[in-house]
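Each remark here refers to the structure printed beneath this line.
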Amino acid sequence: MYAPSKQGEQPSVEVSKEFMMSPNKLYLEASLDKELYHHGENIAVNVHIANNSNRSVKRIKVSVRQFADICLFSTAQYKCTVAEAESEEGCPVGPGFTLSKVFTLTPLLANNKDKWGLALDGQLKHEDTNLASSTLIADPSQRENL
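Taking UniProt numbering, the leading residue of the sequence shown gets 1, the next gets one more, and so forth.
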């Protein structure tokens, strides 16, 4: 399958965390600047924190994980972190404060050669090998045809 010719919706997620003995919640929103990335391209992750709890946020950690479903004799799912960033800049985010920050991550095979369970486009011994491309399945019923 090839990448779609036009970009789709910008991926984002919103979560809230409730703490014991805190009347309000901590809100976190993370979004990507676009839906589709190519090999070697930077991934910009926009993080917005609204701390309405009575706790403080001490650091922020962002990671890119590769998920691979492998079907041989049985189905197994492998998960591997291929890029990560951690920051204490702008922290602590105290009660009643907000923080917006952009993290830039670049998942590259060169930084992940020592990891097990990594899906690749090619063989590790070849120089032109990359981390495996995403497979986009429009019809979930066609999943078994892979």
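The beta carbon of each residue, even a glycine, is placed where N, CA and C say it ideally should be.
Same chain only: Cβ atoms within 7 Å of Glu9, ignoring 5 sequence neighbours per side: Glu35
Reduced DSSP secondary structure (H/G/I, E/B, other) of residue 150: The first residue shown for the chain is 1 and the last is 146, placing residue 150 beyond what the model contains.
Environment of Pro11 [buried if 16+ CB atoms lie within 10 Å]: exposed
Boundaries of the beta strand (DSSP E) in which Ala119 is found, first to last residue: Premise fails: Ala119 is in no beta strand (DSSP E) and is neither H nor E.
contact_flag[the segment 116-135, the segment 41-53] where n(CB pairs < 8 Å) is 3 or more: no
Buried or exposed by the 16-neighbour rule on C-beta atoms within 10 Å, applied to Gln66: buried
Meets three-Cβ-pair contact criterion under 8 Å: the segment 79-92 and the segment 103-118: Because the criterion of three Cβ pairs below 8 Å is met, the segment 79-92 and the segment 103-118 touch.
Rounded separation between Gly90 and Leu99 - CA only: 7 Å
Three-state class that DSSP yields for Glu41 in the structure shown: coil
Candidates Phe97, Glu29 and Pro23, of which the one nearest Val13 by Cα: Glu29
Straight-line Cα distance separating Val62 from Asp128: 27 Å
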